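Q:
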Amino acid sequence: MPKVTKRRRNKDEIKQPLVLPECEADPNEVWYPSDWFLMQINEIMIDRYGGFKGFESGLEPYHHFIEEAKSAEGIYRKAAILLKDIATSRIFQDGHHRTSYIVTKTFLEKNDADFKEKDELKIIRFIKGIRKYSLVEIEDWLKNGEL
Amino acid sequence: MANCKDPMDIALRIIKQDDRILSALNNGHGKSKKR
Numbered sequence: 000m001p002k003v004t005k006r007r008r009n010k011d012e013i014k015q016p017l018v019l020p021e022c023e024a025d026p027n028e029v030w031y032p033s034d035w036f037l038m039q040i041n042e043i044m045i046d047r048y049g050g051f052k053g054f055e056s057g058l059e060p061y062h063h064f065i066e067e068a069k070s071a072e073g074i075y076r077k078a079a080i081l082l083k084d085i086a087t088s089r090i091f092q093d094g095h096h097r098t099s100y101i102v103t104k105t106f107l108e109k110n111d112a113d114f115k116e117k118d119e120l121k122i123i124r125f126i127k128g129i130r131k132y133s134l135v136e137i138e139d140w141l142k143n144g145e146l
Numbered sequence: 000m001a002n003c004k005d006p007m008d009i010a011l012r013i014i015k016q017d018d019r020i021l022s023a024l025n026n027g028h029g030k031s032k033k034r
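Chains as they are written, first to last, in numbering that gives the first Met the number 0: chain A, 0 to 146; chain B, 0 to 34.
Here is the structure:
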């Protein structure tokens, strides 16, 4: 059995300012959304806005999307890959457009990049019609807010 | 590149802020609802 020791209240330590634990994110690396994150977002989308819950094809295609994003150059190209691939996939039963939008917008903010388009109607129109845009067009739209 | 923000915190804030966009994205798109 491991020995358990009780620590006493430490007055000197209490006087010191609280130090935040170090951030786990590496500032030199790009953050990519995990399987868990993707699934959570899809579940929230269905719970809040309706649709069918659960998987259709499952997570296998998502792993390929992440690999494709990792091998692409530039944060907006990576984001374009995530946005289009998730939106046009059949990972889940439902909610791909909503899930891809939230995952991509989070991806950009977490990696210190701006989602430029602010006009709600333009965003809705673009995401609904995402199939007809090329990766270059999506990348430009994410970066500049225009095609 | 990656900052220290919690991704789920970011996502939840965006969801609240973009409620109208998300509601609109659920209209008539995605898989067939016939079962």
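All residues carry an ideal CB built from backbone N, CA and C; glycine is no exception.
It should be emphasised that the depicted structure is a prediction, and the values quoted were computed from it without experimental measurement.
Taking 8 Å as the threshold (beta carbon to beta carbon), is residue 15(B) in contact with chain A?
A: Here residue 15(B) corresponds to residue number 16 of the second sequence, with the count starting at 1. False, the Cβ-Cβ gap to chain A never drops below 8 Å.
Q: Out of 95(A), 98(A), 91(A) and 77(A), point me to the one whose CA is closest to residue 141(A)'s CA.
A: Residue mapping note: residue 141(A) aligns to position 142 of the first sequence, counting from 1. Ranking 95(A), 98(A), 91(A) and 77(A) by Cα distance to residue 141(A) puts 77(A) first.
Q: Excluding five sequence neighbours on each side, which residues of the same chain lie with their C-beta closer than 6 Å to the C-beta of residue 116(A)?
A: Translated into positions along the first sequence, residue 116(A) becomes position 117. So the qualifying residues of the chain are 122 and 144.
Q: Answer yes or no: does any C-beta atom of chain B fall closer than 8 Å to that of residue 140(A)?
A: Position 141 of the first sequence, counted from the first residue, corresponds to residue 140(A). Chain B contact via Cβ: absent.
Q: Using only the alpha-carbon positions, how far apart do residue 120(A) and residue 104(A) sit?
A: One-based indexing of the first sequence puts residue 120(A) at position 121. One-based indexing of the first sequence puts residue 104(A) at position 105. Straight-line Cα distance between these residues: approximately 16 Å.
Q: What's the call for residue 33(A), buried or exposed, on a 16-neighbour Cβ count within 10 Å?
A: For this step, residue 33(A) is matched to residue 34 along the first sequence. Per the 10 Å Cβ criterion, exposed.
Q: Taking 8 Å as the CB-CB limit, is residue 5(A) close to chain B?
A: For the purposes of this step, residue 5(A) is taken as residue 6 along the first sequence, with counting starting at 1. Taking Cβ atoms only, chain B never reaches closer than 8 Å to residue 5(A), which makes this a no.
Q: Which partner residues does residue 91(A) have in the DSSP bridge list?
A: Here residue 91(A) is taken as the residue at index 92 of the first sequence, counted from 1. In the DSSP output, where bridge partners are listed per residue, residue 91(A) has 54(A).
Q: In chain B, what lies closer than 9 Å to residue 104(A) by C-beta?
A: Numbered from its first residue, the first sequence carries residue 104(A) at position 105. 9, 10, 13 and 17, listed in chain order.
Q: For residue 135(A), I'd like the list of residues in its chain whose CB is within less than 7 Å of its CB, leaving aside the five on either flank, ordered along the chain.
A: As a position in the first sequence, residue 135(A) is number 136, starting the count at 1. No residues qualify anywhere along the chain.
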